[in-house]
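Contents: one structure, followed by commentary.
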Amino acid sequence: MTRYIFITGGVVSSLGKGLLSASLGALLQARGYSVRLRKLDPYLNVDPGTMSPYQHGEVYVTDDGAETDLDLGHYERFTGVSSRQSDNITSGRIYQQIISKERRGDYLGGTVQVIPHVTDAIKEFALAEQDGIDFMLCEIGGTAGDIEAAPFMEAIRQLSIDLGKGRSIFVHLTLVPYLAAAGELKTKPTQHSVRDLRSIGIQPDILVCRSEHPIPDSERRKMSLYCNVSETAVIPALDASSIYSVPVSYHNEGLDIEVLKAFGLAHSQGPDLSRWEDIMDRIENPEGEVTIAVVGKYTGLKDAYKSLNEAIVHGGIANRVKVNVEWIEAEVFEKADAIAQLENVDAILVPGGFGKRGTEGKIAAARFARERNVPYFGICLGMQMATVEAARNMAGVKEAGSSEFEAQTNPVVGLITEWVRADGSVETRTEETDLGGTMRLGAYEAVLKEGSKVADIYGKTQISERHRHRYEVNVGFVEKLEKAGVVFSGMSPDGELPEIVELPDHPWFIGVQFHPELKSKPFAPHPLFASFIKAAVTHSRLV
Ligand code: GLN
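Here is the structure:
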């Protein structure tokens, strides 16, 4: 029997609902339960794939190729459970389905309405693919009281009735602000937010209260009284030094016990939190520090590189070092002499990205790393630009470029439709076939070269990693580049798509066409990030 936990937010956005959901999932796992997490997003985009990273943060890609909300990244990082397409829904997707059904005439002349058609579709999504797990955690995006969240709130209200007694609970996250002038914490916004929820028939079982200051018992009692929630179920959530200390903090405040109590489940035995305690110990007691430069394009908003940032932290956890990250706009390296900025860093990472802006700066950064023996990690666009740099400056292909930015006669990086093979024949896949002209999304396998650095790092020669890109390094250049000293140490199983390039004569220079950051976990740091940070540590000791 799958039990449902609905997680809503009130007062303001950005309180950390995703982190609360992920942490609660981790705590239930630590008590031996199986969990899945889902995100229900009220916005009208069909998926976040087309939203600017500046608007909505990173697009998180799942194994099955879904472009989803970045909260799914938190869920995976905290629980290790791989998300699927069926774990993220938006109003846009729901309306798209309903309207196409309506156009097909599936409603047999009936009037199509928010209740029941939209709410039924939301319920269907929440109930799908339960796979016999113990707890399904459903996070509702937005804030209670938002116009666009209303159908979702109504759907989860109905669902709690449909599921029957004891099968679901509501957890509501609010803010308890501190008014410096009055020297007081204020509970009124929480009271109003819960009143909003109760007016639509939802009585929260647990209140989680974000606050910058400890919440005195008197205020907990007040919220318990006015919000109709037992006093022990008012859980304070103070700011944490690291997101990875949040599960243990929530446990210390009694969150997991309150959840089990609300379901009438036994809770006398505590959870096994050793995994989280080890991670916290490694973060709080580092044995050294390194500084790496991330040369990117959306450096103004950390959420745009959420998984990357976390994978870097995991690389630090693996090596027991603190990693300082200098986020640098790639464009700055297009000016003469600016590259000297990179002289003080221990390693350089060029992440994924789209569009021409800053690409010559990324190429300059790759060249600097190659020539100065600084560890270099190129991810997706960062791998493509390192390959273009190697083609220009190692293999003498002066005009090397990517057809993403301008027309190329023989692109080093191009659409699969444009490929010229090694034997001179032209790759003829069309826009309609699998990969041509569309994004390569989700998990693809790669075969690694025996004896290569990456085979050593992974400890195996067959891997599966997640992709999100439209362009590929042209297999027609493999021979020329290998002669110049680049090793293509990872290829697609059919040998047509370069997946990894490395420089054997360099301390650590690896470019990957996929996004390893999406699969890194604090308790299982991705081997490439662990190895990259180790190389940064070695470099820092050399200089
Ligand atoms: N813009 C490049 C492509 O589409 C790289 C994408 C990426 O870095 N995710 O192939």
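Note that our numbering numbers the sequence shown so that position 244 is 866, with each residue one more than the last.
Built from N, CA and C at the ideal position, the CB exists for glycine as well.
{"Asked": "With DSSP as the reference, label Pro858 as helix, strand or coil.", "Found": "strand"}
{"Asked": "Buried or exposed for Ile769, please, with buried defined as at least 16 other CB atoms from any protein chain shown within 10 angstroms of its CB.", "Found": "exposed"}
{"Asked": "Give me the residue from Thr1031, Glu899, Leu666 and Asp686 with the minimum Cα distance to Arg1088.", "Found": "Asp686"}
{"Asked": "Which ranges would you report for the beta strand (DSSP E) in the segment 824-851 if only whole runs of at least 3 residues count?", "Found": "828-833"}
{"Asked": "Buried or exposed: where does Ala962 fall if 16 or more other Cβ atoms within 10 Å of its Cβ makes it buried?", "Found": "exposed"}
{"Asked": "I need the boundaries of the alpha helix (DSSP H) containing Pro675, first residue and last residue.", "Found": "Pro675 to His678"}
{"Asked": "Pull up the distance between the alpha-carbon of Val633 and that of Ile1079, whole angstroms please.", "Found": "47 Å"}
{"Asked": "Kindly list the residues whose CB is nearer than 7 Å to the CB of Leu637, restricted to its own chain and excluding five residues on each side of it in sequence; keep chain order.", "Found": "Gly631, Leu795, Leu797 and Arg832"}
{"Asked": "Restricting to runs no shorter than 4 residues, where is the alpha helix (DSSP H) found entirely within the segment 953-996?", "Found": "981-994"}
{"Asked": "In three-state DSSP terms, what is Lys928?", "Found": "helix"}
{"Asked": "Contact between the segment 1130-1145 and the segment 946-962 is defined here as three or more beta-carbon pairs at a separation below 8 Å; is this criterion met?", "Found": "no"}
{"Asked": "How is the beta strand (DSSP E) around Trp949 delimited, first residue to last?", "Found": "Lys944 to Glu951"}
{"Asked": "For a minimum of 4 consecutive residues, which ranges assigned as the alpha helix (DSSP H) are wholly contained in the segment 638-705?", "Found": "639-652, 675-678 and 693-701"}
{"Asked": "Starting from Met1113, follow the alpha helix (DSSP H) in both directions and report where the run begins and ends.", "Found": "That residue, Met1113, is in no alpha helix (DSSP H); its beta strand (DSSP E) goes Val1109 to Met1113."}
{"Asked": "Is the CB-CB distance between Cys760 and Phe628 below 7 Å?", "Found": "yes"}
{"Asked": "Take every Cβ of the segment 643-659, pair it with every Cβ of the segment 670-690, and state whether three or more of those distances are shorter than 8 Å.", "Found": "no"}
{"Asked": "Residues in its own chain within less than 7 Å of Arg1014 by CB, not counting five upstream and five downstream?", "Found": "Lys1020 and Ala1022"}
{"Asked": "Roughly how many angstroms lie between the CA atoms of His842 and Glu853, to the nearest whole one?", "Found": "A small correction: the amino acid at residue 842 is Arg; His does not occupy that position in the sequence shown. One C-alpha to the other measures close to 6 Å."}
{"Asked": "Judging by CA-CA distance, which residue of Ser864, Ile720, Val1123 and Ala750 is the nearest neighbour of Ile737?", "Found": "Ile720"}
{"Asked": "Following a CB-centred definition, is His1091 positioned closer than 6 Å to any heavy atom of ligand 3?", "Found": "As presented, the structure is devoid of ligand 3, carrying ligand 1 as its sole ligands."}
{"Asked": "Out of Leu641, Ser1162, Glu680 and Glu806, point me to the one whose CA is closest to Gly975's CA.", "Found": "Glu680"}
{"Asked": "Is Gly1222 near ligand 1, judged by its Cβ being under 6 Å from some heavy atom?", "Found": "Residue 1222 cannot be examined here, being either before or after the span of the chain that is shown, 623 to 1165."}
{"Asked": "Apply the 10 Å Cβ neighbour rule to Lys787 and answer buried if 16 or more other Cβ atoms are within range, or exposed otherwise.", "Found": "exposed"}
{"Asked": "Alpha carbon to alpha carbon, what distance is there between Leu930 and Pro973?", "Found": "8 Å"}
{"Asked": "Is it right to say Gly640 is buried, meaning 16 or more other beta carbons lie within 10 angstroms of its own, or is it exposed?", "Found": "buried"}
{"Asked": "Give me the Cβ distance between Gly1107 and Val1076, rounded to the nearest whole Å; I'm assuming they're in contact under 8 Å.", "Found": "With 8 Å as the limit, Gly1107 and Val1076 do not qualify as a contact, their Cβ atoms being about 16 Å apart."}
{"Asked": "Between the Cα of Pro836 and those of Leu807, Arg817 and Asn966, spot the shortest distance and give me the residue it belongs to.", "Found": "Leu807"}
{"Asked": "Assuming Ile1166 and Val856 form a contact by the criterion Cβ under 8 Å, report the distance between their Cβ atoms to the nearest whole angstrom.", "Found": "Look at the range of the chain in this structure, 623 to 1165, and you will see that residue 1166 is not part of it."}
{"Asked": "Would Pro858 pass as a contact of Gly764 if the rule is Cβ separation under 7 Å?", "Found": "no"}
{"Asked": "Measuring alpha carbon to alpha carbon, tell me which of Phe700, Arg979, Arg992 and Glu909 ends up nearest Ala969.", "Found": "Arg992"}
{"Asked": "I'd like the ranges of any alpha helix (DSSP H) spanning at least 4 consecutive residues and lying wholly in the segment 1056-1131.", "Found": "1075-1080 and 1100-1106"}
{"Asked": "Could you check what DSSP says for Ser1024 in three-state terms: helix, strand or coil?", "Found": "strand"}
{"Asked": "By the three-class DSSP mapping on this structure, what secondary structure does Asn907 have?", "Found": "coil"}
{"Asked": "How many angstroms separate the CA atom of His1148 from the CA atom of Pro1138?", "Found": "7 Å"}
{"Asked": "Whose C-beta lies closer than 6 Å to the C-beta of Ile1122 among residues of the same chain, with five residues either side of it excluded?", "Found": "Val1076, Ser1111, Gly1112 and Val1134"}
{"Asked": "Check each candidate in Ile865, Phe999 and Glu965 and name the one with the smallest Cα separation from Ala1157.", "Found": "Phe999"}
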